[in-house]
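**Q** Residues 189 to 472 (this note's numbering) are what the sequence shown spells out, left to right.
All C-beta atoms in this analysis are idealised placements derived from N, C-alpha and C, irrespective of residue type, glycine included.
All values reported here derive from a predicted model rather than from experimental measurement.
So that we are looking at the same thing, I have put the structure below in structure tokens.
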Amino acid sequence: MNAIMKREDNVEKNMFDINTEPIGNAILAGRVAMIVQGNFNDFANRDNDTFYKPNLVYQDLHRTGYVVIITSLSSGVQIFNRSSIPKVLLENIEKQLKRLGIEQNKTPLNEEMIRLFRGAEQILTKKQKAKIAWVIDYVDHLAPNPLNSHVPDEKKVATETIHKISNNPDLRHSGNVLICVANNNSLCNPLLNDLEKVDYDLPDDHQTARFAEIIQGKVINGDTRYAPLADDMTPEIFGRLTKGMKLNDCEDIFTEAAIKKEKVTFQLINKIKAGAIVKNSKRT
């Protein structure tokens, strides 16, 4: 019980850790059901290092008092950072999942998927011992647009359940949140339009310049995965040249140069940027 109280006491004072993130801002604004789109699956700069953005956001949610449950077709149900959750909280949520017939780390198919989403509805719309952030990853796969292809019954149930949860006032009263992550929002079922849209923008030139600084720090410390900048290339110039590129595409510049045992030059940046534009525009 003391572990629970300590965790709840720390929620408000740690909330600043996520208040600069679009998801954190949405939660602070009282949004409880959202669909995340844009440049979410990318790197992010923080302090003197780079991190995979989804893991960074989930870690922030975990630190501010949420038990983060992540669901996808490929991975099934996973409790994020479960080893650091107080034992009494972990036992409570695992007991509920088991009671509802939800198995962890198992791909949800057919009847299992129906059971999973019905169980998620029961958990999210009731107040728990710790607040739940239920993440549905690749929601465009679980709740696809029926205009694009035939939708099996279990995905219809998933879609309708997400819609019901997002409009249920009990979700707001529970303190829990539903976060749907879309790889391609245009492929989602229109029923998901009721969810609050949370956009992640491409990095600006300051962010890509900072990324270059961090990578150069790694090079100086002996990280051979990355190449140094050419003598006529500064992080600020790199930032201007790569503005609008994803940070994981920016990383490709440093890794390709390292493989070729070269420095990062204007020519290499232009080459990889051209390929990134084609890839990210989906050849449109």
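Find out if the Cβ-Cβ distance for the pair residue 371, residue 326 is shorter than 9 Å.
**A** By 1-based counting over the sequence shown, the position of residue 371 is 183. By 1-based counting over the sequence shown, the position of residue 326 is 138. Contact flag set, yes.
**Q** Give a yes or no on whether the C-beta atoms belonging to residue 323 and residue 256 are separated by under 9 Å.
**A** Along the sequence shown, one-based indexing puts residue 323 at 135. Along the sequence shown, one-based indexing puts residue 256 at 68. Their beta carbons are under 9 Å apart, which means residue 323 touches residue 256 by this criterion.
**Q** Please return the same chain residues whose Cβ sits closer than 8 Å to the Cβ of residue 382, not counting the five positions on each side in sequence.
**A** Position 194 of the sequence shown, counting from 1, holds the residue named residue 382. Hits under 8 Å: 221, 351, 354 and 355.
**Q** Please say whether residue 332 and residue 319 have beta carbons closer to each other than 9 Å?
**A** For the purposes of this step, residue 319 is taken as residue 131 along the sequence shown, with counting starting at 1. For the purposes of this step, residue 332 is taken as residue 144 along the sequence shown, with counting starting at 1. The answer is no: Cβ separation not under 9 Å.
**Q** For residue 305 and residue 462, I'd like the C-alpha separation in whole angstroms.
**A** Counted from its first residue, the sequence shown places residue 305 at position 117. Counted from its first residue, the sequence shown places residue 462 at position 274. Rounded to whole angstroms, residue 305 to residue 462 spans 42 Å at the Cα level.
**Q** Would you tell me roughly how many angstroms separate the C-alpha atoms of residue 287 and residue 309, rounded to the nearest one?
**A** In the sequence shown, the residue the question calls residue 287 occupies position 99. In the sequence shown, the residue the question calls residue 309 occupies position 121. Roughly 14 Å between the two C-alpha positions.
**Q** My output table needs one value for residue 240: the three-state DSSP class, helix, strand or coil.
**A** For this step, residue 240 is matched to residue 52 along the sequence shown. The answer is strand: DSSP assigns residue 240 an E or B state.
**Q** Need the endpoints of the alpha helix (DSSP H) that residue 453 sits in, please.
**A** For the purposes of this step, residue 453 is taken as the residue at position 265 of the sequence shown. No alpha helix (DSSP H) holds residue 453; DSSP gives it neither H nor E.
**Q** Which value, in whole angstroms, describes the spacing of the CA atoms of residue 366 and residue 230?
**A** Within the sequence shown, numbered from 1, the residue matching residue 366 stands at position 178. Within the sequence shown, numbered from 1, the residue matching residue 230 stands at position 42. Those two C-alpha atoms are separated by around 21 Å.
**Q** Buried or exposed: where does residue 405 fall if 16 or more other Cβ atoms within 10 Å of its Cβ makes it buried?
**A** What you label residue 405 is simply residue 217 of the sequence shown in a count that begins at 1. Per the 10 Å Cβ criterion, exposed.
**Q** Going by DSSP in three states, residue 218 sits in which element: helix, strand or coil?
**A** On the sequence shown, residue 218 is found 30 positions in, with the first residue counted as 1. Three-state result, residue 218: coil.
**Q** Should the region 256-276 be regarded as contacting the region 391-401, the criterion being three or more beta carbon pairs within less than 8 Å?
**A** no
**Q** Tell me the DSSP secondary structure of residue 246 in three-state form.
**A** Start at 1 with the first residue of the sequence shown, and residue 246 comes out as number 58. In the structure shown, residue 246 sits in a helix (DSSP, three-state: H, G or I).
**Q** Nearest to residue 233 by CA position, among 223, 224 and 244, is which residue?
**A** Here the question's residue 233 lines up with position 45 in the sequence shown. Nearest C-alpha to residue 233: 244.
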